[in-house]
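Residue numbers (my numbering), protein chains in the order written: chain E, 1 to 117; chain B, 1 to 112. Backbone N, C-alpha and C define an ideal beta-carbon position, used for all residues, glycine too. In this text, all values refer to a predicted model and were calculated from it rather than measured experimentally.
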Amino acid sequence: GNSVTQMEGPVTLSEEAFLTINCTYTATGYPSLFWYVQYPGEGLQLLLKATKADDKGSNKGFEATYRKETTSFHLEKGSVQVSDSAVYFCALSDRGVERRGAQKLVFGQGTRLTINP
Amino acid sequence: DSGVTQTPKHLITATGQRVTLRCSPRSGDLSVYWYQQSLDQGLQFLIQYYNGEERAKGNILERFSAQQFPDLHSELNLSSLELGDSALYFCASSVEDRGTQYFGPGTRLTVL
Chain E
1 GNSVTQMEGP VTLSEEAFLT INCTYTATGY PSLFWYVQYP GEGLQLLLKA
51 TKADDKGSNK GFEATYRKET TSFHLEKGSV QVSDSAVYFC ALSDRGVERR
101 GAQKLVFGQG TRLTINP
Chain B
1 DSGVTQTPKH LITATGQRVT LRCSPRSGDL SVYWYQQSLD QGLQFLIQYY
51 NGEERAKGNI LERFSAQQFP DLHSELNLSS LELGDSALYF CASSVEDRGT
101 QYFGPGTRLT VL
């Protein structure tokens, strides 16, 4: 079945450090890939997405590139801020080879990120 | 603000009871999804409705049921509650039965 694996957390960095959160997936068909972020006490917010191989999603300084050859969608940011402290979820949706059927998101386990000033 | 609303924000109840969680999708969205977030299981898909019809089922217990009404809002009914049902329940919506899902703020259910 479809699955998503994220790097183990928690991750603690200093402000202005470079961030990478690894995400790999297993899927049939043609998955779309997403990063969602959950700030303390809040719901999930879509951070960025990519719908096909080699697409790069970007938002708020975060980037992730859909790599089909390595089945990866790693999240990166060049210079993190204290306000980036949150839990980050990698997810995929896959409607199968026929591109039909309902869509559900399959999530990784989440990576808690803490940025210290 | 995603435009998806959920009520109530918090719910505390006892084992054996029944509760109803409500979700209003973003304006124009026809599809509603329910997810459960718990410490041991992570984020799990429960069920999807599209324009009033059930479209997909995930790891939803038989004690749980959902429906989507003609005005497109959805309700998730949880009955015979157990301690293990304590979790955050999220609703998400999308324009059609595919596409980007936008999440509501969630309902935190505590079963005592």
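Can you tell me whether DSSP reads residue 82/E as helix, strand or coil?
Working through the first sequence from its first residue, we reach residue 82/E at position 82. Correct three-state label for residue 82/E: helix.
Return the CA-CA distance between residue 88/E and residue 11/B, expressed in angstroms with no decimal places.
Here residue 88/E refers to the residue found at position 88 of the first sequence. Here residue 11/B refers to the residue found at position 11 of the second sequence. Using only the alpha carbons, I get a separation of about 25 Å.
Any beta-carbon of chain E closer than 8 Å to the one on residue 87/B?
Along the second sequence, read from residue 1 onward, the residue named residue 87/B stands at position 87. No - not a single Cβ of chain E is within 8 Å of the one on residue 87/B.
Is the CB of residue 76/E under 8 Å away from at least one CB in chain B?
The residue given as residue 76/E occupies position 76 in the first sequence. Not one chain B Cβ lies under 8 Å of residue 76/E.
Go ahead and pull the three-state DSSP assignment for residue 46/B.
Residue mapping note: residue 46/B aligns to position 46 of the second sequence, counting from 1. Strand, per DSSP.
Taking C-beta pairs closer than 8 Å, name the residues in chain B that residue 89/E reaches, listed in chain order.
Residue mapping note: residue 89/E aligns to position 89 of the first sequence, counting from 1. Within 8 Å Cβ-Cβ: 43.
Could you tell me which chain E residues have their CB closer than 7 Å to the CB of residue 101/B, listed as they occur along the chain?
Along the second sequence, one-based indexing puts residue 101/B at 101. The contacting residues are 105.
Considering Cα atoms alone, identify which of 7/B, 26/B and 30/B is closest to residue 20/B.
Looking up residue 20/B in the second sequence gives position 20. When only C-alpha atoms are compared, the closest one is 7/B.
So who's on the other strand from residue 77/B, going by DSSP bridges?
Residue mapping note: residue 77/B aligns to position 77 of the second sequence, counting from 1. For residue 77/B, which the question treats as bridged, DSSP gives the partners 20/B and 65/B.
Verify the CB distance criterion: does residue 97/E have a CB-CB separation below 8 Å to chain B?
Counted from its first residue, the first sequence places residue 97/E at position 97. Residue confidence is low: residue 97/E scores 45 on pLDDT, short of 50, so the model does not pin down where it sits. Its coordinate-derived value is still stated next. No - not a single Cβ of chain B is within 8 Å of the one on residue 97/E.
What does residue 49/E touch in chain B if you count any residue whose Cβ is under 8 Å from its own?
Here residue 49/E corresponds to residue number 49 of the first sequence, with the count starting at 1. Near residue 49/E (Cβ distances below 8 Å), the residues of chain B are 100.
May I have the straight-line CA-CA distance separating residue 97/E from residue 98/B, to the nearest angstrom?
Within the first sequence, numbered from 1, the residue matching residue 97/E stands at position 97. Within the second sequence, numbered from 1, the residue matching residue 98/B stands at position 98. Legend: pLDDT at residue 97/E = 45, less than 50; position of this residue unreliable, value from coordinates given subsequently. Cα to Cα, residue 97/E sits roughly 14 Å from residue 98/B.
Taking residue 93/B as the reference, give the member of 108/B, 110/B, 13/B and 68/B with the closest Cα.
Position 93 of the second sequence, counted from the first residue, corresponds to residue 93/B. Among 108/B, 110/B, 13/B and 68/B, the Cα nearest to that of residue 93/B belongs to 68/B.
For residue 25/E, is the classification buried or exposed, using 16 other Cβ atoms within 10 angstroms of its Cβ as the cut-off for buried?
For the purposes of this step, residue 25/E is taken as the residue at position 25 of the first sequence. By the neighbour-count rule (16 or more Cβ atoms within 10 Å), residue 25/E is buried.
Whose C-beta lies closer than 7 Å to the C-beta of residue 51/E among residues of the same chain, with five residues either side of it excluded?
On the first sequence, residue 51/E is found 51 positions in, with the first residue counted as 1. 32, listed in sequence order.
Counting only beta-carbon atoms, is residue 42/E nearer than 8 Å to chain B?
For the purposes of this step, residue 42/E is taken as residue 42 along the first sequence, with counting starting at 1. Yes, residue 42/E lies at the interface with chain B (some Cβ there is under 8 Å from its Cβ).
Based on Cα-Cα distance, which residue from 48/B, 112/B, 95/B and 70/B lies nearest to residue 26/B?
The residue given as residue 26/B occupies position 26 in the second sequence. The option with the nearest alpha carbon to residue 26/B is 95/B.
Going along chain E, which residues have a C-beta under 8 Å from residue 28/B?
What you label residue 28/B is simply residue 28 of the second sequence in a count that begins at 1. Per Cβ cutoff of 8 Å: no residues; residue 28/B is ~17 Å from chain E at best.
Can you tell me where the beta strand (DSSP E) holding residue 15/E begins and where it ends?
Position 15 of the first sequence, counting from 1, holds the residue named residue 15/E. Counting along the chain, residue 15/E falls outside any beta strand (DSSP E), and DSSP gives it neither H nor E.
State yes or no: is the beta carbon of residue 46/E nearer than 8 Å to at least one beta carbon in chain B?
Translated into the one-based positions of the first sequence, residue 46/E becomes position 46. Yes - at least one Cβ of chain B is within 8 Å of the one on residue 46/E.
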